[in-house]
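Anchor point for the sequence shown: position 109 equals 303 in the working numbering, and the numbering is continuous, going up by one each time.
Note that CB positions come from ideal geometry on N, CA and C, so glycine has one too.
Bear in mind that the values here come from a model prediction, so they are computed numbers and not experimental data.
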Amino acid sequence: MHCVELSLRTPFESSLGVERERKSLILDFRSEGIRAFSECATFENPYYSFEDNSTAIHIIRDHLAEELKKEPSPEEFLKRTAHIRGHNMAKAAVEMLLWDFHCKLKNVSIAEELGNPRGHARVGISLGFEDNHVLLLKKVEAAVKRGYRRIKIKIKRGTEYHWIKSVRDSYPELPLSIDANGCYTLKDVQDLKRLDKFDLLYIEQPLEHDDLIDHAVLAKQISTPICLDESISSPRSARQAFESGAAKIVNIKPGRLGGLVNSVKIGKIAREYDGGVWVGGMLETGIGRSFNVALASQRFVGLPGDTSPNDEYFLRDIVNNPFEMTGKGTMKPNTGPGIGVELDDEFLKSSTKQSLKIF
Ligand code: OSB
Ligand code: MG
């Protein structure tokens, strides 16, 4: 496990706080002549989720590594670790490592192995919060020029109305969404109602990170559709969210869901409910991103998600074949084998603060 630290071009701010650099855990597994990789979605801090890099190191080393050694299929791995509660990001890191490993053994790409690739992902971008709305408009302008199919802006309680209004006034037709990362409560319904007129595609995670019931209540009071991110931790909570009316759309992040197997299950559940899904991101390096893009290229993912190319966020990435936008707001998944990443070994080494031998 390599603990890497990559510099962000600019701080990434949301209602959760400010990220100034990305400290990521990269798993590097060698067996049967194959080298497989994955990335854990955790951050240094437990702000987005209760998991952080330290809890993930502990869970992977002390509770998951024994199972990994046996090289089970991803499905089998999830079954064998089902008795470990929570810690989905730690599980997802190992689950995705197994996807890469087994796909490399079979010499297929992850996008193919997932079963229903469209050949490309539809790409949107997540723009961090900006204090200055001239700067926000500049960022939006650059994103529009780059051809993103949807632009999402992070909002904070209190300034949302004027910020969204200024973007909407300049771009009346822009496919626009906002992400609150849980900064509202039901007491803020009036403020959220005022956003209805901006014709947003959806509002992402308006209420508490683990809530479903209040979201179902809110959904009846605003016309902007609700998309859930943090609240969806499993196929079961996705089903409950659609069933209760808490969400019309779900953000699938393999890290938050224990990996790709559960992500695909949620895609199927969404279809049963006529709900939307898109693939989110956790500011991953090119390694984590490659799993997201493979997933986002599956046919059941109808909406553009947060898989913008990494040059948006990082000065330099640890892969030599970073994703690029092709055509009008689309991106091709790697063709493999596995995640199809060409590692920049030298930069990986120089970005690594510490390497831990797990076994
Ligand atoms: O809420 O979607 C989120 C980044 C870190 C933590 C949470 C979120 C995000 C993003 C970034 O919005 C999306 C990306 O990685 O491109
Ligand atoms: Mg979100």
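- Boundaries for A440: no alpha helix (DSSP H) harbours it, and the DSSP string shows neither H nor E there.
- Residue range 247 to 253 is occupied by the alpha helix (DSSP H) that includes I251, with no beta strand (DSSP E) assigned at that position.
- Taking the Cβ of G322 as the reference point, every heavy atom of the ligand MG lies at 7 angstroms or farther away.
- Leaving aside the five residues that flank A432 on each side, the residues in its chain whose CB is nearer than 6 angstroms to its CB run, in chain order, I426, V444, I460, I463.
- Taking 8 angstroms as the cut-off, the Cβ atoms of L219 and A276 do not count as close.
- Taking 7 angstroms as the cut-off, the C-beta of D325 does not count as close to any heavy atom of the ligand MG.
- With a cutoff of 8 angstroms on beta-carbon distance, C377 and R351 are scored as near each other.
- At least one heavy atom of the ligand OSB is found less than 7 angstroms from the C-beta of G475.
- DSSP places V198 within a strand segment (E or B) once states are collapsed to three.
- Our two residues, L200 and D256, have alpha carbons roughly 26 angstroms apart in a direct line.
- Taking C-alpha positions only, P503 is separated from C234 by approximately 19 angstroms.
- By a beta-carbon distance limit of 8 angstroms, F517 contacts R483. Their separation comes to about 6 angstroms.
- Assignment of beta-bridge partners to F392 by DSSP yields no partner.
- Where L537 is concerned, there is no enclosing beta strand (DSSP E), because DSSP gives it neither an H nor an E.
- In the assembly as shown, R214 is an exposed residue. Its beta-carbon has fewer than 16 other beta-carbons within 10 Å.
- When C-alpha distances from V513 are compared across T249, G521, S544, A490, the shortest belongs to S544.
- Judged by pairs of C-beta atoms under 8 angstroms, the stretch 281 to 295 touches the stretch 530 to 544, as three or more such pairs exist.
- Looking at E506, S457, F508, the one whose alpha-carbon comes closest to that of A488 is S457.
- In the structure shown, S303 falls within a strand segment according to DSSP collapsed to helix, strand and coil.
- In summary, V328 is exposed, with fewer than 16 beta-carbon neighbours lying within 10 Å of its beta-carbon over all protein chains present.
- V212 sits exposed, since fewer than 16 C-beta atoms from the chains shown fall within 10 Å of its C-beta.
- If the five residues before and after K522 are omitted, its C-beta is found closer than 7 angstroms to the C-beta atoms of G341, all from its own chain and listed in chain order.
- Distance between G480 and D511, taken at the CA atoms: about 6 angstroms.
- Rounded to whole angstroms, the gap between the alpha carbons of T520 and A315 is 10 angstroms.
- In the DSSP annotation of this structure, the continuous segment of the beta strand (DSSP E) that includes G211 starts and ends at 211 to 225.
- Just so you know, the alpha carbons of M525 and L389 end up roughly 31 angstroms apart.
- Per DSSP, the beta-bridge partners of G318 are D500.
- Within 7 angstroms of the C-beta of D405 there is not a single heavy atom belonging to the ligand MG.
- Take the alpha-carbon of S243 and the one of S225: they are about 32 angstroms apart.
- V471: member of the beta strand (DSSP E) spanning 470 to 473, first to last residue.
- Here L550 is exposed, its C-beta having fewer than 16 other C-beta atoms within 10 Å.
- Proximity of the beta carbon of E398 to the ligand MG is indicated: a heavy atom of the ligand is located closer than 7 angstroms.
- Judged by DSSP secondary structure, K333 falls within the alpha helix (DSSP H) whose first and last residues are 327 to 340.
- By DSSP's assignment, E398 forms a beta bridge with D373, C421.
- For R274, the enclosing alpha helix (DSSP H) has its first and last residue at 268 to 274.
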